[in-house]
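Report on one structure; see the data block that follows.
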Amino acid sequence: MSKVRMNIEPLAEVSVRQLSKFLKFIAQHNQWDELEQHLRDQGCNKLLMSWEPIHAVATIVETKSHELASFRIEGEDPTTMMKCASNGTGRPPPNTPDGGG
58 MSKVRMNIEP
68 LAEVSVRQLS
78 KFLKFIAQHN
88 QWDELEQHLR
98 DQGCNKLLMS
108 WEPIHAVATI
118 VETKSHELAS
128 FRIEGEDPTT
138 MMKCASNGTG
148 RPPPNTPDGG
158 G
């Protein structure tokens with residue numbers, strides 16, 4: 058099987074902040090499948106990135122996965138647990154009698 062050489066000349070530099078905004082928008086609107094399909098439709102099956110950010114993201118994901126697994130309740134989805142523990146401010150919900158935030 059021959060490898061196709063990608064044209065890397067028109068690569069764009071994107072700030073971490075801008076990438077973060079893109080990813081947050083995609084996550085908040087659950088657009089992962091649509092994004093993946095759109096990229097594939099455009100002939101994009103791979104993204105070129107330096108290994109440093111890939112390694113950093115992988116480390117964060119692995120650490121969080123281990124944290125969630127240690128607190129996992131039988132039959133619970135760890136992502137549901139994360140969403141339930143957040144009030145959207147990045148801090149835990151206030152401690153009120155009804156448990157509301």
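Numbered per our numbering, the sequence shown spans residues 58 to 158. All residues carry an ideal CB built from backbone N, CA and C; glycine is no exception. Only a predicted model underlies this, so the values are computations on that prediction, with no experimental measurement involved.
CB-CB length for residue i against residue j, believed under 8 Å
i, j, result
"residue 83", "residue 92", "6 Å"
Spatial distance of residue i from residue j (CA atoms)
i, j, result
"residue 87", "residue 66", "31 Å"
"residue 127", "residue 95", "36 Å"
"residue 85", "residue 71", "20 Å"
"residue 121", "residue 111", "15 Å"
"residue 118", "residue 78", "18 Å"
"residue 115", "residue 123", "12 Å"
"residue 109", "residue 80", "18 Å"
Nearest neighbour of residue i, chosen from the options [CA to CA]
i, options, result
"residue 69", "112, 99, 85, 106", "106"
Cβ-based neighbour list, residue i, same chain, cut-off 8 Å, excluding 5 preceding and 5 following
i, result
"residue 74", "none"
"residue 99", "none"
"residue 89", "83"
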